[in-house]
Structure formats: C-alpha cells, structure tokens
Ligand SMILES: [Zn+2]
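Residue numbers (our numbering): 230 to 305.
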C-alpha cells in the first residue's frame with residue numbers, strides 16, 4: 230500500500246509502497262515515519278485508470294475549436 234512518510238531529520242515527505250511504520254529517507258538517509266492520515270480517502274481521477282471528466286472536456290473542447298485554431302494559424 231502507498232503511504233506517506235515524513236523524515237524526522239529533514240522533514241521531507243515521500244510516498245513509499247510499503248506497510249512499514251518506518252522507512253529510510255531517500256533524501257538524506259535519515260529515519261522517516263509513516264504519516265497516519267485520517268482514513269482512506271480516494272482522489273478522483275488518479276487511481277481510476279480512465280480519463281477524468283476534465284480530460285474529456287478538454288479533448289472535446291480542442292476538437293470543437295480546431296477549425297477556429299486553423300483559421301488563426303495555430304497548429305493543432
Ligand atoms: Zn531526510
């Protein structure tokens with residue numbers, strides 16, 4: 230599982246695929262402790278594997294604007 234670890238030495242926060250409570254800071258080599266976040270929350274659009282609504286919108290928008298962009302001489 231992906232966890233956040235905060236280094237006790239340099240305060241660097243890193244993500245590691247590990248279930249351990251402690252990890253080695255890849256920045257300074259110090260000890261970093263797992264940050265306990267308040268439960269599992271999912272970030273939309275990151276772990277789903279299919280394009281987000283924003284992505285779809287941008288693609289459709291660009292497509293719709295293609296004639297206009299051509300007219301303006303912008304390559305697309
Ligand atoms: Zn560190």
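Every residue gets a Cβ at the ideal spot worked out from N, C-alpha and C, and that includes glycine. If you're wondering where the values come from, they're calculated on a predicted model, not measured in any experiment.
C-beta atoms of residue 235 and residue 264 nearer than 7 angstroms: yes
Own chain partners of residue 245 with C-beta closer than 7 angstroms, once the 5 adjacent residues on each side are dropped: 232, 234, 252
Beta-carbon contacts of residue 248 that lie in its chain and below 8 angstroms, excluding the five residues immediately before and after: 230, 232
Coil, strand or helix - residue 260 by DSSP: strand
Straight-line Cα distance separating residue 289 from residue 303: 17 angstroms
Inter-residue CB distance, residue 180 and residue 242 (contact presumed, cutoff 8 angstroms): Outside the modelled stretch of the chain, which goes from 230 to 305, sits residue 180, for which no answer is possible.
Alpha-carbon spacing of residue 284 relative to residue 261, whole angstroms: 35 angstroms
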